[in-house]
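These notes are about the structure you will find just below.
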Amino acid sequence: MCFSSLSDFLEAAASVQAFADCFYKAATESLEERRDHGILLNQYLLSHDIDEWSTAFLDPSWTHEVIRLTELKLLADFYQLMDKTCQVRRQIADRVLKGIAIRAHFAVSLENAKASLENSCDPGTHTLTLETASAGDDSDDSSRVMTAKFNITNELAELENDLAFLQFVQSDEITNVEQFVMVEFSNAFIEIQLKHYNKMFLQTLGRYHPAGQTAFVDEVNKASALLSEGDHFQHFFTDRDGTLKAYSCSYPASIQPAYSAVIQAQFARRCAQFCAIVTTSPLMHIGILNVSTMPEGYYAYGASAGREWYLNPSLQFKDDSVNDADLALLTSVFERLEELLEQTEFRNFTWIGSGLQRHYGHITIARQDVNNSVPRHRSAQLYQAVSKIVSQVDPTASTLALREGEYDLKIFTKVALSEVNGGQSKPTGRIFNKGHGIRLIERKMGLKLNAGKILVCGDSETDLPMLEECLARSPMNVYTIWVTTNPQLQEKVRAVCEAHGNDHYVFVSCPEVSFFDVKWDSFVCLICKTCTRSCGIAFH
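The sequence shown begins at 20 in the numbering used here and counts up by one.
Pasting the structure below:
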C-alpha cells in the first residue's frame, strides 16, 4: 500500500483493522513475492533520480527540511525561525543560479514561516510580542517577564516577495527570465512592461515604495539609465542594510531574501569584475555571513567597515593596525556594556536593531530601531550611560572615540592607520572608515581602482568615505546610486561628486528600486534575445 500524502496515511490509520491487515499481508508474503517486489523497487530507484521519485510520490511537507508551522512565544523562537528561512533561501538561490530544479518543499517552508509569523502577531497587527527573560533572580521584579516587541512588516513582505519569485522561476515557459525582467529601449529610456508575471512582481515591489508604484517605476528608470551609461563596471562597492536590503526590526532577523541573492549574484556575474559588500556589521557571530544567502564567490565581504575581509574560507585577512592594548580597552568597554544592558531600563536595547555587536576594532550598540519605537529620553539616557563607561575606561580619550548615529552608538579605536604617501607610511590616528576598508582590499588584492568604471551604492553618511575614496582614484569613472530621501545627505553626495567634476549620481527612495534596477542591468547583455540557458541559467 502506498501513502502519497499525510491525509491518506491518517485516513488509513484511522481504521486499525485495515492498517493491521496491510502490515500482516506484507509480513507474510512468500519469499518469491518479496524477491519480485524488491527487484521492481530496485529497478525503479536505479532508473529514476531521487528528486524525481520523491517529488512524484511523497508529499513535499513530509521532508525533514521543511519549516513547520509553529507558535512563536520566545525571542529565541523568532530568531531560530528566521535562521531556518536563511537556510532555505540559501538553497533556493544556489539552485536557481546553478539551473537546478526547485523542490516543492521550499515554497511550503516559506509559506509556513510566513504563516507562523502572522499567526504569532498581536491580532490585527504586524507586531510580534515575545518573552525574553525574567528581570533577574536578585531583583525585586524577578517574577516579571520582559517582553520584546517587533514590527515585522518588512520580514513578512520579503517572504511574500520570495514566494512570488518562486512562481517566476518555476514557470514552464521558455521565456520565464524575460518575463521576470521585460525591458525595451525606447526614446533613450527604459519602459518597464507591466504584463504577465512581471506585472505582479513589479507591483509586489512597488507597493513598498514610500510614494507609490508610479514613483517606484520612475526611480527604476532613472537608476537604470545611469547603469546603462556605465555599461560594465570593473569594481562595485556597496553597503548592505538600507541599500541592498531594507532595514529589519533586529539584525538576527535581517535575512537576505532569495530573490535578492539571485539578482545580486547575477549582477556580479554579468556586469562587474570585482564586487564587494562593505558593512559596519561584524563578520561572524550574528554578522554579515550569518544573514547572507548568496553562494560564495560572487562578492567579497568587508565587515567592521572593511577592517576584516572574507573572500572564501582560505582567503581572509584583517587590518593589522589594531594593537592588543587597544583591543583590551574595547573588551573592557564591551563587558561593561553587557552589564549595563542587564539593567531593566536598558534591557530592550539588546534586541532592537543591531543590538550589542562586537566588531574588529569597534563596538556598536543600538539606540533606536527603524520604526522609532524607543522614546527619545530613553535613547538619551543610553547615550549618557555609554559615554560615562567610555570615559571611565579611557579617561584621556587618547584611544577610544564615541560616535552617535541615527540608529546606534559606535565606540571606535583611534589607531595609526598606514597611509601610503609617496612610498612612505604615515601614521594618521584617524578613525577607520569604509574608505580605509577599500584601501585595505585594494592593497591586499592588488586592485587597480584607476582602471575601469566603479559603481558605489550607499544610504548613510558612513558610506560617504567609500564614495570619496573611489572619486579620489578615478574621478570621472565613478557611478553612484544612493538610497536616501534625506536632503542633507543628498546635498553632501552632490557636493562630493561635483567637487571632482562628476555628475554620475542618482537618488532613490528604497532598496526595492535598486533590486529591480540591478535586475534589469543583470540581463542587459541579453538584449540580443538569446536564450539565458546558453549562459548557464535555467530558471524552471
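Here a beta-carbon is modelled for each residue, glycine too, at the ideal position from N, C-alpha and C.
Give me the Cα-Cα distance between Ala272 and Lys429, rounded to the nearest whole angstrom. 21 Å
Can you grab the Cα-Cα spacing for the pair Leu65 / Leu100, in whole Å? 36 Å
Measure the CB-CB distance between Ile121 and Ile111 and report whether it falls below 8 Å. yes
Buried or exposed: Val475, going by 16 or more other Cβ atoms within 10 Å of its Cβ? buried
Count the C-beta pairs between the stretch 326-340 and the stretch 454-469 that are closer than 8 Å, then say yes if the count reaches three, no if not. yes
Counting C-beta neighbours from all protein chains within 10 Å, is the total for Asn173 16 or more, i.e. buried, or is it exposed? buried
When you compare the CB positions of Cys290 and Tyr318, do they come within less than 8 Å of one another, or not? no
Could you give the distance in angstroms between the alpha-carbon of Val6 and the alpha-carbon of Asn170? A question about residue 6 goes unanswered here, because the residues of the chain that appear run from 20 up to 559.
Residues near Glu30 by beta carbon distance below 8 Å, same chain, minus five either side: none
Tell me the rounded alpha-carbon separation between Leu149 and Phe368. 15 Å
Does DSSP classify Ala37 as helix, strand or coil? helix
Please classify Arg492 as buried or exposed, where buried requires at least 16 other C-beta atoms within 10 Å of its C-beta. buried
Local conformation of His251 per DSSP, three classes: coil
Pick from Ala167, His396 and Thr262 that is closest to Phe97, judged by C-alpha positions: Ala167
Quick one: measure Cβ to Cβ for Val297 and Val188, integer angstroms, because I've assumed they're closer than 8 Å. 29 Å between Cβ atoms; not a contact.
Please go through the same chain and pick out, in chain order, the residues whose beta-carbon is closer than 8 Å to the beta-carbon of Phe125, but skip the five residues on each side of it. Val107, Gln110, Ile111 and Leu185
C-beta contact flag for Ile274 and Cys105 at 8 Å: yes
In the structure shown, what three-state DSSP assignment does Leu29 receive? helix
Endpoints, the beta strand (DSSP E) within which Thr499 is located: Val497 to Val502
Which residue comes first and which comes last in the alpha helix (DSSP H) that contains Arg422? Looking at the DSSP string, Arg422 is not in any alpha helix (DSSP H); the run it does join, the beta strand (DSSP E), is Leu419 to Glu423.
Collapsed DSSP secondary structure at Ala154 in the structure displayed: No answer about Ala154 holds up, because its pLDDT of 45 lies below 50 and its placement is not dependable.
Provide the residue(s) that pair with Val525 in DSSP beta bridges, ordered along the chain. Ile500
Cutoff 7 Å; reference Lys117; Cβ partners in own chain excluding five residues on either side: none
On the CB-based measure, 16 or more other CB atoms within 10 Å of its CB, does Tyr278 come out buried or exposed? buried
For Leu508 and Asp482, I'd like the C-alpha separation in whole angstroms. 11 Å
Tell me whether Val196 is buried or exposed, calling it buried when 16 or more other Cβ atoms sit within 10 Å of its Cβ. Note that Val196 scores 47 on pLDDT, short of 50, meaning its location in the model is unreliable; the coordinates nonetheless yield the value given after this. Per the 10 Å Cβ criterion, buried.
Taking three-plus beta-carbon pairs below 8 Å as touching, is the stretch 349-361 in contact with the stretch 382-390? yes
CB of Ser323 within 8 Å of CB of Thr299, strictly: yes
On the criterion of 16 or more Cβ atoms from any shown chain inside 10 Å, does His396 qualify as buried, or is it exposed? exposed
When you compare the stretch 136-147 with the stretch 298-313, are there three or more beta-carbon pairs, one atom per stretch, that lie closer than 8 Å? no
Residue environment, Arg53, which counts as buried when at least 16 other CB atoms sit within 10 Å: exposed
Please tell me whether Met485 and Asn521 are closer than 8 Å, where the distance is taken between their beta carbons. no
Check whether chain C comes within 8 Å of Asp55, counting only Cβ atoms and requiring the distance to be less than that. Any reference to chain C falls outside this structure, which holds one protein chain only.
Which two residues bound the contiguous alpha helix (DSSP H) that contains Val297? Premise fails: Val297 lies in the beta strand (DSSP E), Ala291 to Val297, not in any alpha helix (DSSP H).
Taking C-alpha atoms, which residue in Ser528, Ser340, Ser26 and Ser410 lies nearest to Pro506? Ser528
Terminal residues of the continuous beta strand (DSSP E) containing Leu474? Ile473 to Gly477
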